[in-house]
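Numbering (full-length UniProt numbering), first residue to last: 1 to 260.
The C-beta atom is built at its ideal place from N, Cα and C for all residues, glycine as well.
Note that this is a predicted model, so its numbers are computed, not measured.
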Amino acid sequence: MKVYTNSALKTYRLCPRKYYYAYECRIEMIDPSSRIAMDKGTEIHRAIQGKLAGLTIEELDIDLVTYPEILVLFQYYETDGIDLIEGEKQLHMVIPNQNVILAGKLDGIVKTSNDEINLLEIKTSRFKLTEDEDVLAKWDIDRQLGMYSLLARSNGIEHTGIIVDYLRTPSLKCKKDESDEDFLQRINENVAENLDTYYGKISIQRTVEQDEECLEETLQEIRMIKSCMSHGIWTRTGEACNEYHKLCPFTSLCRSETDV
1 MKVYTNSALK
11 TYRLCPRKYY
21 YAYECRIEMI
31 DPSSRIAMDK
41 GTEIHRAIQG
51 KLAGLTIEEL
61 DIDLVTYPEI
71 LVLFQYYETD
81 GIDLIEGEKQ
91 LHMVIPNQNV
101 ILAGKLDGIV
111 KTSNDEINLL
121 EIKTSRFKLT
131 EDEDVLAKWD
141 IDRQLGMYSL
151 LARSNGIEHT
161 GIIVDYLRTP
171 SLKCKKDESD
181 EDFLQRINEN
191 VAENLDTYYG
201 KISIQRTVEQ
211 DEECLEETLQ
221 EIRMIKSCMS
231 HGIWTRTGEA
241 CNEYHKLCPF
251 TSLCRSETDV
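Next up, the structure:
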C-alpha cells in the first residue's frame, strides 16, 4: 500500500510536477532554510519529551537557535492550565479498499483546565499571531489539522479539538563579545516581560462529521494523483516556482528536457 502524508498532498495541491519529483521520483533537494526548520522542529519535539519527563529547560541543554521558542512554550504552559500528557506520536490509518495508508505525526496531546482532551500542533513564526477573524477562520478548514484529527480518531484518540500553539521567535541577536550565558539571560528577561507578544493560542473544535469530510477530500486528491500517474501527465504550476519568495529547488530540472 502507498503511504500519503499531509506534506505530500499539500505539495500536490501546490504543484503536481513538484509532487512527482519529490514523492514519486524521491529526488531530495532540501534548501538550507528547510533544513534549519527541520532541525528546529526536532529540538522542539525533544523539549516536549523532556517536559513530560519533568526536566527543566536548563536540564535539556537546548541550542541557542531554538531556545527562545522553547522558553516561550515552557513559560506559557506554567501559567495556562494546559497539562501536556503525551508527546510526539506517529499515526497511521489503513484504507484497504483504496489500497492507501494515511500517515501523520502529532506534536502532542494535552488536557485543558476543564479536562478536555485536545491534539497539539506547534507553529513557529517571526511574526505575531494576527487577531483578524478572517485570517483565523482559515484554521477551521486547515487540511493538516483535519487530517491529524481524522488520524487520531481512527487510532482511538477521542478529542474535542486541536490547540495550535503559535510561537513567535524573539528577534534578539547575540551582541558582539556577549557570552552565551549573558545572551540567554537577556532572552529570559525579555520573554518574561513580553510573553503575550511571543505566544498565541488557537483553539479549534473538530467533529466526526468534519473528519469524514476531510477523508473524502483527501481520497479525492489521491484519486487525482493516481490519474496523473496512470496518464503520465504531471502539470506544472507557475505560481509555485517562487513560493515564499524562494525559488523551487526543482526549477532547473523542471525546465530541462532531462528524463527523470
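>> Tell me the rounded alpha-carbon separation between N114 and D196.
In response: Here residue 114 is taken as the residue at index 114 of the sequence shown, counted from 1. Here residue 196 is taken as the residue at index 196 of the sequence shown, counted from 1. When rounded, the distance between both Cα atoms is 22 Å.
> Hey, quick one: how far does the alpha helix (DSSP H) through V65 stretch, first residue to last?
Replying inline: In the sequence shown, residue 65 corresponds to position 65, counting from 1. Counting along the chain, V65 falls outside any alpha helix (DSSP H), and DSSP gives it neither H nor E.
> Should A8 and Y19 be called a contact, given that it needs their Cβ atoms to be closer than 8 Å?
Replying inline: Walking along the sequence shown from the start, residue 8 turns up at place 8. Walking along the sequence shown from the start, residue 19 turns up at place 19. Yes, the Cβ-Cβ distance between A8 and Y19 is below 8 Å.
> Since A240 sits in a beta bridge, which residues does DSSP pair it with?
Replying inline: Numbered from its first residue, the sequence shown carries residue 240 at position 240. Partner(s): none; A240 has no beta bridge.
> Using the beta-carbon count (16 or more within 10 Å), is N118 buried or exposed?
Replying inline: For this step, residue 118 is matched to residue 118 along the sequence shown. Under this definition N118 is a buried residue.
> What separation, rounded to the nearest whole angstrom, lies between the Cα atoms of residue 321 and K111?
Replying inline: Residue 321 lies beyond the stretch modelled for the chain, which goes from 1 to 260, so this question has no answer here.
>> Please return the same chain residues whose Cβ sits closer than 8 Å to the Cβ of R153, not counting the five positions on each side in sequence.
In response: Start at 1 with the first residue of the sequence shown, and residue 153 comes out as number 153. Once the five neighbours on either side are set aside, the close Cβ partners of R153 are H159, V208, D211.
> What did DSSP end up calling I27 once you bin it into helix, strand or coil?
Replying inline: Within the sequence shown, the letter at position 27 stands for residue 27. In this structure, I27 counts as coil in the three-state DSSP scheme.
> Looking at the unbroken beta strand (DSSP E) that takes in H92, where does it start and where does it end?
Replying inline: By 1-based counting over the sequence shown, the position of residue 92 is 92. Here the beta strand (DSSP E) through H92 covers 89-95.
> Helix, strand or coil: how does DSSP classify N6 here?
Replying inline: On the sequence shown, residue 6 is found 6 positions in, with the first residue counted as 1. In this structure, N6 counts as helix in the three-state DSSP scheme.
> Using the beta-carbon count (16 or more within 10 Å), is K246 buried or exposed?
Replying inline: As a position in the sequence shown, residue 246 is number 246, starting the count at 1. K246 is exposed by the Cβ-count criterion.
>> Along the chain, where does the alpha helix (DSSP H) containing L150 start, and where does it finish?
In response: Walking along the sequence shown from the start, residue 150 turns up at place 150. Here the alpha helix (DSSP H) through L150 covers 143-154.
>> On the criterion of 16 or more Cβ atoms from any shown chain inside 10 Å, does N242 qualify as buried, or is it exposed?
In response: Locating residue 242 in the sequence shown gives position 242, counting from the first residue. Flag for N242 reads exposed.
> By Cβ distance, which residues of its chain are closer than 7 Å to C254, with the 5 residues on each side in sequence left out?
Replying inline: Locating residue 254 in the sequence shown gives position 254, counting from the first residue. Excluding sequence neighbours, C254 sits near R17, R236.
> Who are the Cβ neighbours of E69 in its own chain at under 7 Å, not counting the five residues just before and after it?
Replying inline: The count along the sequence shown starts at 1 and reaches residue 69 at position 69. Closer than 7 Å at the Cβ level, and outside the excluded window around E69, lie I44, T124, L167, T169.
> Which same chain residues, not among the five before or five after K2, have their C-beta less than 8 Å away from its C-beta?
Replying inline: Within the sequence shown, numbered from 1, the residue matching residue 2 stands at position 2. Contacts found: N99, V100, I101.
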